[in-house]
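Number of protein chains: 2
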Amino acid sequence: MQHKLCCMQETMNTVPGRTTEKAAGKTVEETALLDRVRKLVLGGDFPPGAPLSEVFLAQEFEVSRTPIREALKQLQHEGLVEIRPKVGTFVREPTRREIVELFQLKESFEGLAASLLARRGYVPELEILERNVAESERAAEDQDADGYARLVHEFHWTIIRGADNRKLAEHYERLMNQLAYHRLVVRTVEHPGRILASTGEHRAVLTMIQNKDPFGAESAMRNHVYASSKEALSDNRPRYGGSTN
Amino acid sequence: MQHKLCCMQETMNTVPGRTTEKAAGKTVEETALLDRVRKLVLGGDFPPGAPLSEVFLAQEFEVSRTPIREALKQLQHEGLVEIRPKVGTFVREPTRREIVELFQLKESFEGLAASLLARRGYVPELEILERNVAESERAAEDQDADGYARLVHEFHWTIIRGADNRKLAEHYERLMNQLAYHRLVVRTVEHPGRILASTGEHRAVLTMIQNKDPFGAESAMRNHVYASSKEALSDNRPRYGGSTN
DNA sequence: TTACAGTCTCTACCATGCAACAAACCATAG
DNA sequence: CTATGGTTTGTTGCATGGTAGAGACTGTAA
Numbered sequence: 159m160q161h162k163l164c165c166m167q168e169t170m171n172t173v174p175g176r177t178t179e180k181a182a183g184k185t186v187e188e189t190a191l192l193d194r195v196r197k198l199v200l201g202g203d204f205p206p207g208a209p210l211s212e213v214f215l216a217q218e219f220e221v222s223r224t225p226i227r228e229a230l231k232q233l234q235h236e237g238l239v240e241i242r243p244k245v246g247t248f249v250r251e252p253t254r255r256e257i258v259e260l261f262q263l264k265e266s267f268e269g270l271a272a273s274l275l276a277r278r279g280y281v282p283e284l285e286i287l288e289r290n291v292a293e294s295e296r297a298a299e300d301q302d303a304d305g306y307a308r309l310v311h312e313f314h315w316t317i318i319r320g321a322d323n324r325k326l327a328e329h330y331e332r333l334m335n336q337l338a339y340h341r342l343v344v345r346t347v348e349h350p351g352r353i354l355a356s357t358g359e360h361r362a363v364l365t366m367i368q369n370k371d372p373f374g375a376e377s378a379m380r381n382h383v384y385a386s387s388k389e390a391l392s393d394n395r396p397r398y399g400g401s402t403n
Numbered sequence: 159m160q161h162k163l164c165c166m167q168e169t170m171n172t173v174p175g176r177t178t179e180k181a182a183g184k185t186v187e188e189t190a191l192l193d194r195v196r197k198l199v200l201g202g203d204f205p206p207g208a209p210l211s212e213v214f215l216a217q218e219f220e221v222s223r224t225p226i227r228e229a230l231k232q233l234q235h236e237g238l239v240e241i242r243p244k245v246g247t248f249v250r251e252p253t254r255r256e257i258v259e260l261f262q263l264k265e266s267f268e269g270l271a272a273s274l275l276a277r278r279g280y281v282p283e284l285e286i287l288e289r290n291v292a293e294s295e296r297a298a299e300d301q302d303a304d305g306y307a308r309l310v311h312e313f314h315w316t317i318i319r320g321a322d323n324r325k326l327a328e329h330y331e332r333l334m335n336q337l338a339y340h341r342l343v344v345r346t347v348e349h350p351g352r353i354l355a356s357t358g359e360h361r362a363v364l365t366m367i368q369n370k371d372p373f374g375a376e377s378a379m380r381n382h383v384y385a386s387s388k389e390a391l392s393d394n395r396p397r398y399g400g401s402t403n
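Chain order of the listed sequences is A and B.
Count along the first sequence from 1, add 158, and you get the number used in my numbering.
Count along the second sequence from 1, add 158, and you get the number used in my numbering.
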């Protein structure tokens, strides 16, 4: 049950603040185009099942079909679209079941990350987390939902980065991309009561990490993710109310 | 810490017995080509860092550069090659650190799978596992290393499938693809002593699952994966002795 | 009305030409 | 000998035309 440990440097942020920064193995243009297409799909203008033909996207973004094709393959693989060979590409509707599955994975990933972080010696992430949780508590008091959501996002990513396991970060990023569709719809999953509980859970996780207690940290984090995903799944099933453009 | 639960149907097996079966969203030709290129890379004829030019592969496999390009993107993303934009594609050497990171993830994934499986009601996987472990014990007595390796492979995949979480299976498959390079080199990681211990650990995992004890199952599985990966990482650092062709 | 067969259209898939970039090479000057 | 600049070569990246497959449609017959 013990873990060896190992390094890591950069990870992209998830959708909300996704800056067009270069990903490894892709040119900047490729990344930019990918982001534009992803935004289009996530924007909600296309309902699930809507076709995304290569030619349409090509003239929409004023490039040839080839780079579009590559971007679509990437998105397929992120789970946002479905490619039916020889037929076409379609916006994919994540089923409720898939969301549940992804949340199970999220719990596992973040638990691992917390555990790995707690196992490390001194790391600058600890101070960042301390500040983050303090700010979260203030934001919760002030009922600042947007600020709170941003801080939560930062909290989780800081722990992932702090785990110092690049492969974990890669898988986590994939996961979050797949959840992004859902997250855009049920934007602020946390209602006031939940925010209070959530803040407490963040504090608990941080304390365990500060105590260098990997088991406690993992446990606390899993509890937190479980609670928060149960909340997210509670009643608000994914609804896609975008115009069909 | 409780888990909801959820289904799953087909997963491809990992490298050794990788049959050219159709993957979702790809034509059979695409999958076949991908497998051929993957085999070429994994075959060891190209040392890490060796260039894999599109034109070369294109005439090697008698197709155009376009499908080759797509296959390479897929392999990049499996971690087997590195694409340097505008420069070329190169066989990638997984660092020791990456292997460690991957094993950490493996532990987490399989722990989750065991836990989810233990949580389910009656499932046919249980009988398969029972037979599998029994056969493993016989193979261990008979010093049948090859048979044992095959059974171990089956054991782990059966649990992943039994977890009934398709997204988990997808991520696990990616992970195992990334580990495949390493696994080809240190083929049979288990020496006789380790095999004995390993068999016992399998039995322990199975018992916990039969007892419907998710925590115990997760714990036992993580212990097992940890022990087995420590063994794999012990001294045999990846060596690439293939001819340069 | 329904079932089925033939056709027809729309789509991805693949091939190939062209352009632009990166890096290796060589020559020249300090 | 070293450093620097220009040239040359090899590679990907993008555009576009042809092809073949999948699915929709229509008409016909039961």
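Cβ coordinates follow ideal geometry from the N, Cα and C atoms, glycine included.
Chain A within 7 Å of residue i, Cβ atoms only
i	result
B/Lys264	no
B/Ile257	no
B/Leu192	no
B/Leu270	yes
B/Ile241	yes
B/Glu212	no
B/Asn394	Reliability fails at B/Asn394, whose pLDDT of 49 lies under 50, so the model's placement of it is uncertain and no value is given.
Rounded distance between the beta-carbons of residue j and residue i, thought under 8 Å
i	j	result
A/Leu391	A/Gly320	Between A/Gly320 and A/Leu391 the Cβ distance is about 27 Å, and since that is not below 8 Å, they are no contact.
A/Val213	A/Leu238	Incorrect: roughly 20 Å between the Cβ atoms, too far for contact.
A/Val291	A/His360	5 Å
A/Ala271	A/Leu326	6 Å
B/Leu368	B/Leu284	Going by the sequence as given, residue 368 of chain B is Gln instead of Leu. So it is a contact: roughly 7 Å between Cβ atoms.
A/Phe313	A/Ser294	7 Å
A/Tyr339	A/Pro252	6 Å
B/Leu333	B/Lys388	No, B/Leu333 and B/Lys388 are not in contact; Cβ-Cβ is about 17 Å, not under 8 Å.
A/Arg324	B/Glu259	6 Å
B/Val245	B/Leu210	About 12 Å separates the two Cβ atoms, so there is no contact after all.
A/Glu188	A/Glu220	That pair is no contact at about 15 Å.
Chain B contact for residue i (CB, 7 Å cutoff)
i	result
A/Thr185	yes
A/Ile367	no
A/Ile317	no
A/Gln217	no
Chain-ordered neighbours of residue i on chain B, where CB pairs are closer than 8 Å
i	result
A/Leu198	Result: empty, since nearest Cβ-Cβ is about 19 Å, beyond 8 Å.
Contacts of residue i in chain B (Cβ-Cβ under 7 Å)
i	result
A/Lys325	Glu256, Glu259, Leu260 and Leu263
A/His329	Leu263 and His329
Partner residues on chain A for residue i, Cβ-Cβ distance less than 8 Å
i	result
B/Gln234	Gly183
Under 9 Å from the C-beta of residue i: neighbouring residues of chain A
i	result
B/Lys244	Thr185
Proximal residues of chain B, C-beta to C-beta of residue i below 9 Å
i	result
A/Lys231	Gly183, Glu228, Lys231 and Gln232
Cβ-heavy atom distance, residue i to the ligand FMN, below 6 Å
i	result
B/Trp315	The ligand FMN is not part of the structure shown, which contains no ligands of any sort.
*Could I get the ranges of all uninterrupted beta strand (DSSP E) runs contained in the stretch 206 to 294 of chain B, with 3 residues as the minimum, in chain order?*
239 to 242 and 246 to 249
*At what residue ranges does the stretch 310 to 388 of chain B contain a whole run of the alpha helix (DSSP H), taking only runs of 4 or more?*
324 to 343 and 350 to 368
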